[in-house]
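Down below is the structure, laid out as structure tokens.
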Amino acid sequence: MLLERLKSKIYQNLQEAAIRAREEGKLTFEELPPFTLEKPREKEHGDLAANIAMVLARPAKNAPRNIAQAILEYFPTGKNRVVRYEIAGPGFINLFLDQSWVDAVLPEVEEMDRRYGCTLAENRQKIQVEFVSANPTGLLHMGNARGAALGDTLANVLAAVGHEVTKEFYINDTGKQIENFGLSLEARYLQLLGEDVSFPENGYPGEDLIDSMRRLISTVGDKYLQVAPQLRREILVKYALKEKLEQMKEDLTDFGVNYDVWFSEQSLHDSGDIQAVLWELQQNGYLYEKDEAIWFRSSLVGDEKDEVLVRSNSVPTYFAADIAYHKNKFQRGFDRVINIWGADHHGHVARMKGALEALGYDPDRLHVVIMQLVRLFRGGEPVRMSKRSGEYVTLRELMEEVGTDAARYFFINRSADSHLDFDLDLAREQSSDNPVYYVQYAHARICSILRQAGELPSAQEIDCSLLREPAELALLEKIAELPGEIIYAAESLEPQRLSHYAYELANLFHGFYTNCHVLNAESGLRQGRLVLVNACRITLRNTLKLIGVSAPERM
RNA sequence: GUCCCAGUAGCUCAGCUGGAUAGAGCAACGGACUUCUAAUCCGUAGGUCGGGGGUUCGAAUCCCUCCUGGGACGCCA
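Under my numbering, the letters of the first sequence match residues 340 to 894, in that order.
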């Protein structure tokens, strides 16, 4: 927050200086292009570096270093902690801050405590994040698990910058897969009762369906043997679906994911929303009939080819329901809608955006985060999985094997569009090789120090100027970066920034720990370091909280 | 065939809204525990950023093309 404020003020000062320079005839340009003001990689390049002169080179038709010179004539030193500047390299303006700027970090962290890292975005929005939305015909698998970790973290991050976020699970409780679900359940039910029936070809072969029917039989026995198949399947589906949803909800809760809304696809059929949206598309001229089916002219709005919305048997497709669902989202007042989809759905993106356009919505209000597949490795070998044969590792099994913390950390530690090789052995390992433990260990170490210290002074009581060791300054600066990191993660929808940040912070803490002793330091210094270490604890804890990873006090 | 994603150190990956000398972890090698948790720290070594063109003051980053791996192209969801 503090660092962000400082940066934005200095950014403004640079803008104003450039404009003054133009007014004074030192520079000519039409419009000031956006430029960057960042912490440079090299310490010698100052605390902040701006490339304003370089991006102005072309519009101002001048050499970057000359432009920098002109801008700096009107740039106020001594304000906003800037004590010195230089023109360097091809035309960077390097700014050096009064080291005491870090003294404002500790009081701020201490005061904000659990809110530290949170900011208020300029345009606060109502945002819906829809994720997992797994078929309720089976158990949650690795793809769902990755989606759960990503979606939940993303929702946390967006909320942390002030958006109003709704987390939603879309239940595919109708359609062809439910039909197959019913056929599979029926076959299992009959088989368990000794009937000689074959299993449907497109059925769901998982053990979980057998278990489900076994439980049903234990309460109702064979009473559905005599019921007409159609009705029987409906009954079995109703029973098993309820079980499945409860199971998913429980698994997700244990994974730290709690939804605000569970939205039923069937409800869109029941409410007439699908008919309404079809009618609207019809009015807008996007529908036509061919081969007794109703098609969406998605090729008009950017898709490669047209899509069927209503089958020749007059049943709407999944896509038709999804269009109605998305219209419903916007009708509920969301400014922005974010979907986390597996890579196997990417072909759906252009269609969905096209449909929104056809309905008169700005398709850019829909963001689809496409997530690549997960491969599990055990003992260096990929774990064979096949959804078709029902052999796959479930979220529940993953949690039991590696724990929630490791799972969530690993899932968000890679960018969504990277294939994820999940090393089960590493995730289970309780050593520094495992980044989760590395970060958590830093937190536990801090808690240990604080326990032994007894009384914790407040940031107001200490002399911050005593904290000038390189390890201390590095830690302070990193702590100051959290709000900016969260803002960046929220803007780019890239939660992996957070686990990287947590790792870097833990790394700096461990370095500090070996270099700077806290408890046996001289009294003033000891007080200062206690406050520093406590701020580090708050920062680590808050970051882990966003990821959904626990911050243990002892390990 | 068309489209999407990936290709960066031996391995797993950051970095990609163009910026200064391309980073981290693991693995390898060498060090550091009379001191707050060694689940830690420090050092060494390791690179044609898949290949080739282009855009420009500047390209791992943007554009084109080719190669390799994965995925998607259904009146499934």
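All residues carry an ideal CB built from backbone N, CA and C; glycine is no exception. Note that the coordinates shown come from a computational prediction; the quantities given were computed from them, not determined experimentally.
Buried/exposed call for residue i, threshold 16 Cβ in 10 Å
{"i": "M894", "result": "exposed"}
{"i": "D386", "result": "buried"}
{"i": "E646", "result": "buried"}
{"i": "K817", "result": "buried"}
{"i": "Q835", "result": "buried"}
{"i": "T558", "result": "exposed"}
{"i": "Y543", "result": "buried"}
{"i": "S806", "result": "This sequence places Leu at residue 806; Ser is not what is there. It is buried - the Cβ of L806 has at least 16 other Cβ atoms within 10 Å."}
{"i": "E381", "result": "exposed"}
{"i": "N541", "result": "exposed"}
{"i": "E833", "result": "buried"}
{"i": "A553", "result": "A small correction: the amino acid at residue 553 is Arg; Ala does not occupy that position in the sequence shown. Exposed: under 16 other Cβ atoms inside 10 Å."}
{"i": "Y563", "result": "buried"}
{"i": "N854", "result": "exposed"}
{"i": "F470", "result": "buried"}
{"i": "H665", "result": "buried"}
{"i": "G686", "result": "exposed"}
{"i": "L858", "result": "exposed"}
{"i": "N390", "result": "buried"}
{"i": "E824", "result": "buried"}
{"i": "P373", "result": "exposed"}
{"i": "P721", "result": "exposed"}
{"i": "Y627", "result": "exposed"}
C-beta atoms of residue i and residue j nearer than 8 Å
{"i": "A388", "j": "P379", "result": "yes"}
{"i": "G364", "j": "P403", "result": "no"}
{"i": "G887", "j": "G501", "result": "no"}
{"i": "V649", "j": "L698", "result": "no"}
{"i": "E820", "j": "L366", "result": "no"}
{"i": "I406", "j": "A392", "result": "yes"}
{"i": "E412", "j": "A360", "result": "yes"}
{"i": "I709", "j": "A659", "result": "no"}
{"i": "H782", "j": "R675", "result": "no"}
{"i": "Q516", "j": "T476", "result": "yes"}
{"i": "A694", "j": "F635", "result": "yes"}
{"i": "T878", "j": "V496", "result": "no"}
{"i": "L795", "j": "N873", "result": "yes"}
{"i": "F414", "j": "L376", "result": "no"}
{"i": "L885", "j": "T492", "result": "yes"}
{"i": "Y700", "j": "F673", "result": "no"}
{"i": "C786", "j": "E892", "result": "yes"}
{"i": "Y852", "j": "R747", "result": "no"}
Cβ-heavy atom distance, residue i to the ligand FAD, below 7 Å
{"i": "Y700", "result": "The ligand FAD is absent from the structure shown, which contains no ligand whatsoever."}
Cβ separation of residue i and residue j, assumed to be a contact under 8 Å, to the nearest whole Å
{"i": "I751", "j": "I466", "result": "Their Cβ separation, rounded to whole angstroms, is 18 Å, which puts I751 and I466 out of contact at 8 Å."}
{"i": "L734", "j": "L479", "result": "4 Å"}
{"i": "A682", "j": "L712", "result": "6 Å"}
{"i": "H384", "j": "N433", "result": "5 Å"}
{"i": "M481", "j": "V732", "result": "6 Å"}
{"i": "Y827", "j": "T882", "result": "No, Y827 and T882 are not in contact; Cβ-Cβ is about 13 Å, not under 8 Å."}
{"i": "L371", "j": "A357", "result": "6 Å"}
Bridge-paired residues (DSSP) for residue i
{"i": "Y627", "result": "W634"}
{"i": "L387", "result": "L434"}
{"i": "H706", "result": "I677"}
{"i": "E811", "result": "Bridge partners of E811: none, in fact."}
{"i": "S603", "result": "I510"}
{"i": "E377", "result": "A388"}
{"i": "P721", "result": "F716"}
{"i": "T505", "result": "Q467"}
{"i": "F761", "result": "L715"}
{"i": "I426", "result": "I432"}
{"i": "E833", "result": "None; E833 has no bridge partner."}
{"i": "V647", "result": "W634"}
{"i": "P655", "result": "V649"}
{"i": "V421", "result": "L436"}
Item to check | Given 8 Å, three or more beta-carbon pairs between the region 703-720 and the region 761-773 | outcome: yes
Checklist entry - Is the region 486-495 touching the region 518-528, taking contact as three or more C-beta pairs under 8 Å? => result no
Next on the checklist: Could you check whether the region 798-817 touches the region 772-782, counting it as contact only if at least three pairs of C-beta atoms, one from each stretch, sit closer than 8 Å?
Outcome noted: no
Item to check | Three-pair Cβ contact test at 8 Å for the region 792-812 versus the region 437-445 | outcome: yes
Next on the checklist: With three or more beta-carbon pairs closer than 8 Å as the criterion, would you say the region 855-875 touches the region 740-757?
Outcome noted: no
Checklist entry - Three or more C-beta pairs closer than 8 Å, one from the region 597-604 and one from the region 495-510: is that the case here? => result yes
Item to check | Segment contact flag, the region 581-598 with the region 739-747, C-beta cutoff 8 Å, min 3 pairs | outcome: yes
Item to check | Three-pair Cβ contact test at 8 Å for the region 454-471 versus the region 649-663 | outcome: no
Checklist entry - Is it true that the region 451-459 meets the region 565-577, where meeting means three or more beta-carbon pairs spaced less than 8 Å apart? => result no
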